[in-house]
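Before any comments, here is the structure.
Protein chains: 2
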Amino acid sequence: MKNLTLKQFRYFEALARHGHFGRAAEACAISQPALSMQIKALEEELGAPLFERDRRQVRLTNFGEEIALRARDILRALDDLEGFARASRGRLVGRLRIGVIPTVAPYLLPSLIADLIRLHGGLDLHVRETLTPKLVQELNDGRIDVAIVALPVSEPSLTEAPLFTEEFVLVRPRADEGQPVPNREALREMRLLLLEEGHCFREQALTFCNRPTHAAQPRGLLDASSLSTLVQMVEAGLGVTLIPEMAVGVETRSASVSIARFTNPKPSRTIGMVWRTTSPLTAQLLQMSETVRRSAGALGQAAAARA
Amino acid sequence: MKNLTLKQFRYFEALARHGHFGRAAEACAISQPALSMQIKALEEELGAPLFERDRRQVRLTNFGEEIALRARDILRALDDLEGFARASRGRLVGRLRIGVIPTVAPYLLPSLIADLIRLHGGLDLHVRETLTPKLVQELNDGRIDVAIVALPVSEPSLTEAPLFTEEFVLVRPRADEGQPVPNREALREMRLLLLEEGHCFREQALTFCNRPTHAAQPRGLLDASSLSTLVQMVEAGLGVTLIPEMAVGVETRSASVSIARFTNPKPSRTIGMVWRTTSPLTAQLLQMSETVRRSAGALGQAAAARA
DNA sequence: GTTTTTCATAAGGACGACTTATCGTCACAA
DNA sequence: TTGTGACGATAAGTCGTCCTTATGAAAAAC
């Protein structure tokens, strides 16, 4: 009973509809004997005649009628499946689980999500915000499909696609407005407020200052858990901090702080998408990276215009 | 896209469940390469990867998950279909369209229907009552599955199975009770009330009397459309009539008429089932004829006991 | 009686699916 | 670093399945 085939169902359906072996065979684009044999095989598999053959006509038996109903259901489900497959060719479909680091998420996600929904209607988007190492782990475990992090990640199993590079800007109290912009050495002497450990942005900031990234920080109690908190701490006069360009608009809009850009050398980070090299979404993710690159470019230009 | 096979769905489902080519292949009782090839073929047909292959695991893609849902639906429908086929092996199932002549229907149908329902629960029984020629036509057209008529029908395309033979009895006014039973010749001189033309029972009665069956009947206006009417006409003193043994119980219960049985020669008819020789229900109909034969036998004995 | 129609059967050939054997790659361990 | 094992992909060959054309059988139509 395990040798029923969809082909048999298709032939059967055709014969049921036409009531004539020759015409049904023609409709199936096969020869009449081929159809006869498949029908016979189907009847043997099912253990009962599906048709009553007569010189004058070929009629479904009761049994055949019931089987026809069920067979048509199956063929319809098959058509649906094929249609679904056709419709999802090369498109992002269903669930997309995306991970984003905290220093990117609040600034990139709104436009990113809007773009994705616009381009891939019906996409079931799951967003997860956490630190890079966790995202890498989750990528490797297949718990998320793609992550947006600072490059490089340098995981052999992952493919990286750079999206954009952005500078870090100095955030200092409004009172410092107009003061000369410190260079790296001067910055090292200032009270630099940082994110908690684990944030890649923390390490990048420290690296820019040429400070040991893993050395104990005496004022660890002041480490913030978000850029927003950092800016508020600056506003409160606790020190200065760095934030990425992308965050300037959101985080300094309503804060009385002063923004200054470094010159020579300029601190910066490259944000990129990463995914498992083996991911079948590779093509779509590459396309998606293009989209993000464009919309991030627009974002950057807007930020630059603001500055 | 027209080469999707149920086999591929079964393999696919197994791989989705096991997440491991080797074990899935084992579950399908095939070799691992065979499974690999079918999965590959399926992915090519659908135009998108179903699995993400990794050294560590084999995971469904989003696309694969959706396809898995639909494939499982199809496999489930297939199982149902197979189960239905298995369950209906050799049994009467679904609709059974049965035609019965009017001089049999009222007396046989109650017990026949009860028997059929008892033996083939869920049978969708359609009963049609009309004259023999129409029943034969409907049989040949496939509009009914079986008919119960007086034999012989002598249609080459139909198979006949006798059920029982029953005598005709004379029905005359109560006043005639105890009078000698007329023989055929005497009967010919009496006012014999008959059914309308077309009823085989009419022809059989006339044949018994040796009257021309197709000759114009001067008192055609008196022809009745049912045995019940005939008996009432006898009761009204319009003449005498013949009715089949089977009808005696029902038709004379509440009528003040007298019943007499002929002797030597006894008029009689043979009731039988007929169906298309090509009908796939042949086996079941034969079995059914056995059942009817038995229950009609009981009926006949009861009638004989009453007489 | 002959022809036509229609479905079943027969014989042969092409294609597809399965098998075993082997490869390539990564992970893990010495 | 270098085996070693696990795992999936690939290769080659065989066998079975399904299709084709040709033919048969039986009834209907002419």
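As they're listed, the protein sequences go chains B and L.
Under UniProt numbering, residue 307 is the last one in the first sequence; the count climbs by one each step, no gaps.
Under UniProt numbering, residue 307 is the last one in the second sequence; the count climbs by one each step, no gaps.
All C-beta atoms in this analysis are idealised placements derived from N, C-alpha and C, irrespective of residue type, glycine included.
Quick caveat, the model's predicted, so the values are computed rather than measured.
The stretch 119 to 128 of chain L makes no contact with the stretch 222 to 241 of chain L, as fewer than three CB pairs between them are under 8 Å. Residue range 158 to 173 is occupied by the beta strand (DSSP E) that includes B/T159.
Annotated three-state conformation of L/L131 is coil, per DSSP. Here L/R293 has L163, F164 as same chain residues with Cβ atoms under 7 Å from its own Cβ, once five neighbours each way along the sequence are excluded. Interface annotation, L/L192: not in contact with chain B, CB-CB separation never under 8 Å.
Listed along the chain, the chain L residues whose CB falls inside 9 Å of the CB of B/E52 are G142, R276, T278, S279, P280, L281.
L/P180 is the residue among L/L96, L/P180, L/L281, L/R191 whose C-alpha sits nearest the C-alpha of L/R261. Fewer than three Cβ pairs drawn from the stretch 7 to 21 of chain B and the stretch 47 to 55 of chain L lie within less than 8 Å of each other, which leaves the two stretches out of contact. Here B/L281 is near B/D145, since their CB atoms are less than 8 Å apart.
Per DSSP, L/M273 is one residue of the beta strand (DSSP E) stretching across 268 to 276.
By the Cβ-count criterion, B/I101 is buried, with 16 or more other Cβ atoms from all chains shown falling within 10 Å of its own Cβ. For the stretch 102 to 122 of chain B, no residue has a beta-carbon sitting nearer than 8 Å to a beta-carbon of chain L. At least one CB atom of chain L sits nearer than 8 Å to the CB of B/V93.
In the three-state reduction of the DSSP assignment, B/E52 falls in the strand class, which pools E and B. Within the stretch 69 to 129 of chain B, the complete alpha helix (DSSP H) segments of 4 residues or longer fall at 105 to 119, listed in chain order.
Across the structure, B/T61 and L/L96 are spaced so that their CA atoms are roughly 10 Å apart. Interface annotation, B/T61: in contact with chain L, CB-CB separation under 8 Å. Straight through space, the alpha carbons of B/S228 and B/F168 are spaced by roughly 15 Å. Per DSSP, the continuous beta strand (DSSP E) segment holding L/A147 begins and ends at 146 to 151. Neighbours of B/P49 across chain L, judged by C-beta separation under 8 Å: P280.
For a cut-off of 8 Å, the C-beta gap from B/I67 to L/I74 is around 15 Å, too long to register as a contact. The criterion of a C-beta distance shorter than 8 Å is not satisfied by B/R17 and B/L158. Counting only the Cα atoms, B/E196 lies some 13 Å from B/T132. Proximity of chain B to L/R89 at the Cβ level (cut-off 9 Å) is accounted for by L46, G47, A48, in chain order.
Assigned with DSSP and collapsed to three states, L/S225 falls in coil, not helix or strand.
In this structure, the straight-line span from the alpha carbon of L/L242 to that of L/L206 is close to 10 Å. Contact with chain B is absent for L/I39, since none of that chain's Cβ atoms lies less than 8 Å from the residue's Cβ. B/T252 counts as buried, since at least 16 other C-beta atoms from the protein chains shown sit within 10 angstroms of its C-beta. Note on the UniProt domain "HTH lysR-type" (6 to 65) of chain B: whole alpha helix (DSSP H) runs with a minimum of 4 residues are 6 to 18, 21 to 28, 32 to 46, in chain order. Nearest CB-CB separation between B/A71 and chain L: below the 8 Å threshold. Pairing B/N140 with B/I98, the inter-Cα distance amounts to about 13 Å. At a cut-off of 8 Å between C-beta atoms, L/I74 counts as an interface residue with respect to chain B.
Using beta-carbon distances, B/A77 counts as an interface residue toward chain L, with a partner under 8 Å. The Cβ atoms of L/R174 and L/S256 sit closer than 8 Å to each other. By the Cβ neighbour-count rule, L/Q204 is buried, with 16 or more other Cβ atoms within 10 Å of its own. The beta-carbon distance between L/E45 and L/L4, rounded to whole angstroms, is 6 Å. This is short enough to meet the 8 Å contact definition.
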